[in-house]
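Note sheet for the following structure.
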Amino acid sequence: MAREIDFHEIECFLVLAEELHFGRTGERLRVSQSRVSQLIRSLEGRVGARLVERTSRRVRLSEFGADFLETLRPSYGALVSVFEDARTRARSTVERVRIGFQGAVYEPLARALTVFGRRNPLVAVDLVEIPLADPFGAVREGGVDAAVVLTPVREPDLTLGLTFSRQPQTLALSSAHPFAGRDGIGAEELARVRLVPLAGKAPAYWRHVNSPRVTPGGAPIPQEGGAGTLQEGLSLVAAGRGALLVCGAAAEYNRRPDVTYVPVTGLAASELGLVWRTASRGTRLAAFAAVLAETAA
């Protein structure tokens, strides 16, 4: 009967049959030598026969023990295989949701991931960084199921599920820049700053908000170099190669001594949004969007 089988005893016997040494058996099983002796005696009691012959010089299996081993080993191996197959199947039933992010996993998204994981233990969320300058490509091409991106979003095949983290835009400057000591600058003063443009596939309307070429009054904004990711852009800023417009969450997350963040007035506020393919929204994405709306409120 199954309740009379102790698998610790079985495993101990199989290892001892290989090692023929109580000390080495204990080392492999990470138990004491006396515990090995106890397990073997207990197994012999269950079977009703001596399995191991032990003298001061050697350890060997009894004739009964050798016969028992020959029958036991394949059966035990088959049982382990059944268990491993079951565990593999169980893991494969876990549903996966891939969420893209730009630059960093900011606090509202991090909170949402924690809450969503607690409420949906059979759903695994994979995080995928997507380029700052190509906010929609990974979503559209199926690289992620949804993404948290800078708005605006006006793509006919994509749905903007919710927006959050609305804050004034911030200018990342080298800490040696003349504007670095100011409490803020006006949008028209961007004409006196060299911006690092975002080099990627972002549509023109998105660039106009997040990487503008002209001020609201129409004055050209000098451009230098190019960056595809937030960290590339901030590295250029730190080196004095230009400035970068970032959202408030990025400024808060990426504090460093060689970069200063100065609020900009007169520009549209930055805002993050959760976007997905309109044709592929499922119940899991809807549930994640609901949690994000809750934690970002």
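Following the UniProt record's numbering from start to finish, the sequence shown increments by one per residue and tops out at 297. Idealized CB from N, CA, C, for every residue including glycine. These numbers come from a predicted model, not from an experiment.
_What residue range does the beta strand (DSSP E) around F136 cover?_
Here F136 belongs to no beta strand (DSSP E), and DSSP marks it neither H nor E.
*What's the call for L285, buried or exposed, on a 16-neighbour Cβ count within 10 Å?*
buried
*asked:* What does DSSP give as the partner residue(s) for F164 in the beta ladder?
replied: L272
_Is the beta carbon of L51 closer than 8 Å to that of residue 345?_
It is not possible to answer for residue 345, since the shown part of the chain is limited to 1 through 297.
*Shortest alpha-carbon distance to T170 belongs to which of E4, N254, S280 and E70?*
N254
*For D157, which three-state DSSP category applies?*
coil
*A243 in three-state terms, based on DSSP*: strand
*Please report the Cβ distance between A187 and T260, rounded to the nearest whole angstrom; I am assuming they are in contact, meaning their Cβ atoms lie under 8 Å.*
18 Å between Cβ atoms; not a contact.
*asked:* Just to check my reading of the structure: C247 and S270 have Cβ atoms closer than 8 Å, yes? What is that Cβ distance to the nearest angstrom?
replied: 4 Å
*With a floor of 4 residues, list each alpha helix (DSSP H) that falls wholly inside the region 185-215, ordered by position along the chain.*
204-210
*In chain order, which alpha helix (DSSP H) runs of at least 4 residues are fully inside the region 68-123?*
107-119
*Can you name the residues that DSSP bridges to E129?*
F101
_Reduced DSSP secondary structure (H/G/I, E/B, other) of residue 298_ = Summary: the structure shown does not reach residue 298, with the chain confined to residues 1 through 297, and so no result is reported for it.
*If you count every other CB in all the chains shown that lies within 10 Å of the CB of H8, and 16 or more means buried, which is it?*
exposed
_P197 versus L244: straight-line alpha-carbon distance, rounded_ = 8 Å
_Three or more C-beta pairs below 8 Å linking the region 125-140 and the region 95-108_ = yes
*If L109 sits next to V148, beta carbons under 8 Å apart, how far is it from one beta carbon to the other, in whole angstroms?*
5 Å
*asked:* Given this structure, state the Cα-to-Cα distance separating E232 from G242, to the nearest angstrom.
replied: 12 Å
*Given L160 as reference, the closest of A279, V80 and T295 once Cα atoms are compared*: A279
*Of the residues H177, V144 and I221, which one's Cα is nearest the Cα of A239?*
H177
*Under three-state DSSP, which class holds P152?*
coil
*Between the CA atoms of T151 and P203 - distance to the nearest angstrom*: 11 Å
*Any idea what DSSP makes of T265, helix, strand or coil?*
strand
*Taking just the CA atoms, how far does L69 sit from I10?*
10 Å
*How would you label Y106, buried or exposed, when you count the other beta carbons within 10 angstroms and need 16 or more for buried?*
buried
*Rounded to whole angstroms, what's the CA-CA distance from A249 to A227? Just pull it up for me.*
19 Å
_Cβ pair F136, L158 closer than 8 Å_ = yes
*Which whole-angstrom value is the C-beta distance of L36 and L16, which I expect to be below 8 Å?*
Contrary to the premise, residue 36 reads as Val rather than Leu in this sequence. V36 to L16, Cβ: 7 Å. Contact.
*beta strand (DSSP E) containing S56: first to last residue?*
Run containing S56: none; DSSP gives neither H nor E here.
_For S174, report the span of its beta strand (DSSP E) as first-last._
T170 to S174
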